[in-house]
Each structure stands twice: as C-alpha cells, then as structure tokens.
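Each step along the sequence shown adds one to the number in our numbering, with nothing skipped, and position 146 is 142. Every residue gets a Cβ at the ideal spot worked out from N, C-alpha and C, and that includes glycine. Given the structure is predicted, the values throughout are model-derived calculations rather than measurements. Accompanying notes for the structure given below.
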Amino acid sequence: MAQQTTSDAVMQQYRNCISLEQKLREESKHKNFYEPDVRAVRMDLRLAYESLLFLDYTGAQEREVEPALWKSVFYRPIEEFRRRIKAAAVAGEKGRAPLQKVKLTFGGFLQDAARFYRQLACKLQTAYGAVGFSLEEAQLQTAPAVPDQQYTPQDCKPSVYRCLICLGDIFRYETSVLQSQPKKDWSAAAKHYRLAMSVYPSGGNSYNQLAVLSTYSEDDLAAVYYYFRSLAVAKPFAIARENLVLLLEQIRVKYTKLPQRVQPKTQSQKLPMKSKRPVNVLMQELSIRLAHVHGILFSKVNLNDCDELLPAAMADLNDLLGRQGALQAFLHKGPTQQRSEHVLLQLAVLSMFSMHDIAAAPTDQQLRYAEVMKQDVLKQAVQRVVQSVIAALAAAVAEASPTQGSELTGKLVLPTLAILLEWWALHPAYST
C-alpha cells in the first residue's frame, strides 16, 4: 500500500512538472521574464523538480530531471540577463542606469542559484550517501534538511557532479558579466569544475569546462590537454570534439604568425640559436607549437608537417628546461609553480592520448591498403613526437646536478618523465 502511495505521488509530481513547464512557457510569452508571477512559477517548478530527486531518484535520472531543472529554472533566465546586459552596455549614457540595475539583479539571481546547488549537492549526499563534496566545500555550517522518508543508498555521484558543473557555470557567468577588471579571475569557476572532476572522474563535462576557461586566458596547450581528457574518459563529453576542432584551427592560425625558430642549413636543419626571449614569450610560443603538433596528430591531416614542426617545438622545450633561474622562479612563486608543473604533466598526457588515439582505430574491419599505410604513417609520427619529448625530459634530468645549481630541474622534470615512461612500458604495443 505504501509503495502504491509513493508511486502515485511520483506520477502526480511528474504531471505537475509538465504542467508547470507549460505554464512557465505561457507566462513568458506575455510577461517580463523576471516579473513576480513568472518568478513564482519558476520557483514552483524548481521545488517540483527537486522533490522528484528524492521521491524517485532512479526515475529522475532516466527522465533527465536535472538537465531540465537547470535549463528551465536557471539557464534560460541567465541567458536573458546576459542579453539585456549586453543591450544596455551598447546603449551608451542612456543605458547606464538600466545596466547597473540589471547587473545588480543578475548578481542576486546567481547568488541564489549558487546557494541552491550547494544545498542540493549536500542534500543528495545526506539522502543517498556521501561522494566527497563536504559541507566545508559547500560553505555550509550544517547539512540542509531532506524530506523525512526512508532512502535506499544510491550512487549519486553523477548528480553531485552535475551540481558542481552548474556551480562552476554560475561562477563563470558571474565572472564574465559582473567582473569589470580587464583580467578576469576565473578561479571560483575552475575550483568547482575541479571538485566535479574529483567527485566523478569518469565524466567528460568537467574537463570540457576547464578547457573553455583555458581558452579565455589563451592557454592553448592547457585547452587542448583538457579537451583530450574530456574525450578520453569513460563517459566522453561529445561537444568537446567539436570545440577541439575549432580550437585547433585557431591554433593553426596562431602558429603561422610565430617567428621562425629553425633555419635551414643545406638539406638538413641546424639547431636553433640560443633564445633571448622573455620566459612568458617562450611559454606562449612553446604552448602554441606543442598544441599545433598534437593537433595534427589528432586531426590525422598533413602528418608529414610534424617532421617540419617538431624541431622548433623541441627547441622551445629544451630552452625552457635549460633555464635554471626560470624554473626556480616557477618553483617558488605560487601560481607559476603550478603553471610550470602543469606544462610538463600536460605534455605527458598529450603524448599518452596521442598514442591511445591511434590505437582506438577500428581493428575489426578489413582496411584497404591505403588506410593501412596511413595508419602506419600516423603511428610513426606519434612515436617520433613522443620519443622526442622523452629525450628532452631525460636530457634535462641527466644534466641536473647540485654543483651546477640545477638540482631543482631534476626534481621538477623527473616525475613527469617517470609517468610517461611507466605508461609506455605498460603499453608496449604503442612502441612497436
């Protein structure tokens, strides 16, 4: 009898959600999206969708309640706020007062949205079991109350993961629209995407969002790295491939504007001359060159270009690894330390993904001769890139010594080299 009552309540709530969705659409046709009547319907819909997550968690996942909740209750108003802010911003003096008003209202809306998703993530864990997002991380003193009923333990990682993705998006919109300084601080958004990544490593959405943040700061290597990871997980984020293709074209254009670092000597190439570039310029050019090389491997187009591009990329990498002062500065100056370490680890992961990607080609089909030859050319190109990276890292470690003041280089480079070598040793098929 109790089970029948619960089932009836679930179906009634689903019908209620459908009715509220229709009512919200009708109200939005004739009224301002933020009028009290429209906001009241939106709040009722929010409560109805949330209740389904506790009445029928499995059914809510099957019916994609969480994406519907985000889209109808939060995303559409966010898009309307952004549209109005943009219109007021281009209206000049006439739009100044409306701009400040809509920004203030938008800020309050985002704060309420963030509070909702923090609480929802904690409620889900209270009801179904903890998955690693703590009250402290949610900035809550006590756990929010959940409906008083019996709960069967569930794997709610995907739901908490989505809550954290939504939180990251909320802070990304807040930074994009409400921060006035030219150099924006994306750390709050990045923090929540990383929390999502730690809660549910199998999901590709968090990596895609981190890639998007990397494009805002024009960190091309990091963006390619995160898009690769978004595609390499158990549940890839499909849109990441489209985003990556667009990014790789932008990187190709950037590459054509880089200064020529390698000059021809008869039919071979001589080593690049010692660079006097500032470290920040070196890092930018290195990022573009390495991202472009791995982009060619990913797209599997113009593979022969890798042999021409690789010497300059490796010259930049050797330049970075050989700058003791620069590496020590990276090691001791907070964010730059993370930046330096990330570059090397990102490079190792790019290499591993490139090898993994060629192995992902279908093997259960009878390939034509031309396809077999192309696959062989691709494999050789990937091997040359990976071997060059390993050689550069190994040389930096071998040359590091306390007497030369380069011990820190070894400590910084050795972990990355060890990871790359161990992975390759565990996958010998990629090296033959």
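- In the three-state scheme derived from DSSP, where H, G and I count as helix and E and B as strand, K119 is classed as helix.
- Per the coordinates, the alpha-carbon of K375 lies some 28 Å from the alpha-carbon of M279.
- Taking all protein chains shown into account, Q135 has fewer than 16 neighbouring C-beta atoms within 10 Å of its C-beta and is therefore exposed.
- Membership of L240 in the alpha helix (DSSP H) is indicated by the continuous run 235 to 252.
- For A44 against L20, the beta-carbon gap comes to about 11 Å, at or over 8 Å, which does not count as contact.
- Annotated three-state conformation of K187 is helix, per DSSP.
- Secondary structure at G199: strand, using DSSP grouped into helix, strand and coil.
- Setting aside the 5 residues that flank it on each side, A84 is surrounded in the same chain by G91, P94, L95, V98, each with a C-beta closer than 7 Å to its C-beta; the list follows chain order.
- DSSP lists G199 as the bridge partner or partners of K231.
- The Cβ atoms of I247 and G291 lie closer than 7 Å to each other.
- Comparing alpha carbon positions, the residue from A64, R38, A218 closest to L49 is A64.
- With contacts defined by Cβ atoms closer than 7 Å, T412 and L340 form a contacting pair.
- With fewer than 16 other Cβ atoms inside 10 Å of its own Cβ, H423 counts as exposed.
- K407 and A388 have their C-alpha atoms spaced approximately 15 Å apart.
- With at least 16 other beta carbons inside 10 angstroms of its own, A392 counts as buried.
- For A83, the uninterrupted alpha helix (DSSP H) segment begins and ends at 72 to 85.
- In this structure, the straight-line span from the alpha carbon of D216 to that of S283 is close to 6 Å.
- For V37, the uninterrupted alpha helix (DSSP H) run begins and ends at 32 to 51, by DSSP.
- Within its own chain, the residues whose Cβ lies closer than 6 Å to the Cβ of A309, once the five positions on either side in sequence are excluded, are R285, L286, V289, listed in chain order.
- With respect to the 7 Å criterion, A117 and F102 are not classified as neighbours on the basis of their beta carbons.
- Apart from sequence neighbours up to five positions away, the residues of its chain that approach P197 with a beta-carbon distance below 8 Å are V229, ordered along the chain.
- Counting along the chain, the unbroken alpha helix (DSSP H) around V275 starts and ends at 275 to 295.
- If you check the CB distance, A110 and I74 do not come in under 7 Å.
- Contact check for S155 against L120 passes: the beta carbons are separated by less than 7 Å.
- Bounds of the alpha helix (DSSP H) holding R168 are 153 to 174.
- For a cut-off of 8 Å, the C-beta gap from S350 to L293 is around 5 Å, short enough to register as a contact.
- Inclusion of Y221 and Q342 in the CB contact set at 7 Å is warranted, their separation being smaller than that value.
- Fewer than three pairs of CB atoms, one per stretch, sit closer than 8 Å, so the region 135 to 147 makes no contact with the region 156 to 163.
- The beta carbon of D33 lies closer than 7 Å to those of E23, K27 in the same chain, with the five residues before and after it left out.
- Burial is judged here by how many other beta carbons sit within 10 angstroms of a residue's own beta carbon; E281 has at least 16 and is buried.
- Residue environment for E46: buried (at least 16 other C-beta atoms within 10 angstroms of its C-beta).
- Judged by DSSP secondary structure, A141 falls outside any alpha helix (DSSP H); it is assigned neither H nor E.
- Sequence-distant Cβ neighbours of T138 in its own chain, meaning closer than 8 Å and more than five residues away, are L131.
- DSSP places E132 outside both helix and strand once states are collapsed to three, so it counts as coil.
- Contact between M193 and S202 holds, since their C-beta atoms are separated by about 4 Å, short of 8 Å.
- Here T54 is exposed, its C-beta having fewer than 16 other C-beta atoms within 10 Å.
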